[in-house]
Amino acid sequence: MRIKIYSFILPGLLALAWIFTLAGVVPFGGTSGESKATSAILWMLFMAGCVLISYAWLHSIAAKWMAASIGRTTNAFQYQLAFVCLGLGISCFYATNNEAQSWVTVSIPVIAFFFLSGIKHIVDIVKSKDQLLINVLVTIWDLGMSISLLALLPTMIHATA
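The opening residue of the sequence shown carries number 7 in my numbering; numbering runs sequentially from there.
See the structure below:
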């Protein structure tokens, strides 16, 4: 089996968000001198926004290619998923440029979306015994992003108080 470099994009973005946070790189919508937790929140939301906008593109403009790449045909649900991803992605970008209350508001559906997607990937991997690297790496992104945002949620809530 040949490993494709794009397989590592999603977990790479998650790792970059944490590396940028720990290195003190100021996130989009952030200011220098912010806490590491605030920086992490903004980086997570920015990376999630990038991925969600990409998902929107993949499931709409590149819908036929995307469906074929996973052995399926296009359908209306694929486009509906694209519209939801577009809305969530734009909301992530909006939140990074606004106050903590918007961080909490957008994080809840983003956590649910990625966490439940990760669980579904695990179920599918176990059920079909399809342990392709791409499926495992997507699952790392889904669970890693949702767990990261969930762990940061108390900081977000405290910042709104």
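Every residue, glycine too, gets a C-beta built ideally from N, C-alpha and C.
Indicate whether residue i and residue j have their beta-carbon atoms separated by less than 8 angstroms.
{"i": "residue 16", "j": "residue 122", "result": "no"}
{"i": "residue 55", "j": "residue 98", "result": "yes"}
{"i": "residue 5", "j": "residue 165", "result": "Since the first and last residues shown for the chain are 7 and 167, residue 5 lies out of range."}
{"i": "residue 19", "j": "residue 35", "result": "no"}
{"i": "residue 65", "j": "residue 46", "result": "no"}
{"i": "residue 124", "j": "residue 145", "result": "yes"}
{"i": "residue 84", "j": "residue 68", "result": "no"}
{"i": "residue 159", "j": "residue 43", "result": "no"}
By Cβ distance below 7 angstroms, which residues in the same chain neighbour residue i in space, the five residues on each side in sequence not counted?
{"i": "residue 38", "result": "32"}
{"i": "residue 156", "result": "117"}
{"i": "residue 95", "result": "55, 58, 59 and 62"}
{"i": "residue 27", "result": "42, 45, 46 and 49"}
{"i": "residue 127", "result": "141, 144, 145 and 148"}
Helix, strand or coil: which one does DSSP assign to residue i?
{"i": "residue 38", "result": "coil"}
{"i": "residue 77", "result": "coil"}
{"i": "residue 67", "result": "coil"}
{"i": "residue 141", "result": "helix"}
{"i": "residue 132", "result": "helix"}
{"i": "residue 112", "result": "helix"}
{"i": "residue 150", "result": "helix"}
{"i": "residue 32", "result": "coil"}
{"i": "residue 167", "result": "coil"}
Spatial neighbours of residue i within its chain, please: C-beta separation below 8 angstroms, excluding the five flanking residues on both sides.
{"i": "residue 24", "result": "46, 49 and 154"}
{"i": "residue 103", "result": "34 and 35"}
{"i": "residue 132", "result": "none"}
Decide if residue i is buried, meaning its Cβ has at least 16 other Cβ atoms within 10 Å, or exposed.
{"i": "residue 138", "result": "exposed"}
{"i": "residue 120", "result": "buried"}
{"i": "residue 51", "result": "buried"}
{"i": "residue 152", "result": "buried"}
{"i": "residue 71", "result": "exposed"}
{"i": "residue 150", "result": "buried"}
{"i": "residue 148", "result": "buried"}
{"i": "residue 113", "result": "buried"}
Given residue i, which residues of its chain have a CB within under 6 angstroms of its CB, disregarding the five upstream and five downstream residues?
{"i": "residue 108", "result": "101"}
{"i": "residue 73", "result": "79 and 80"}
{"i": "residue 161", "result": "43"}
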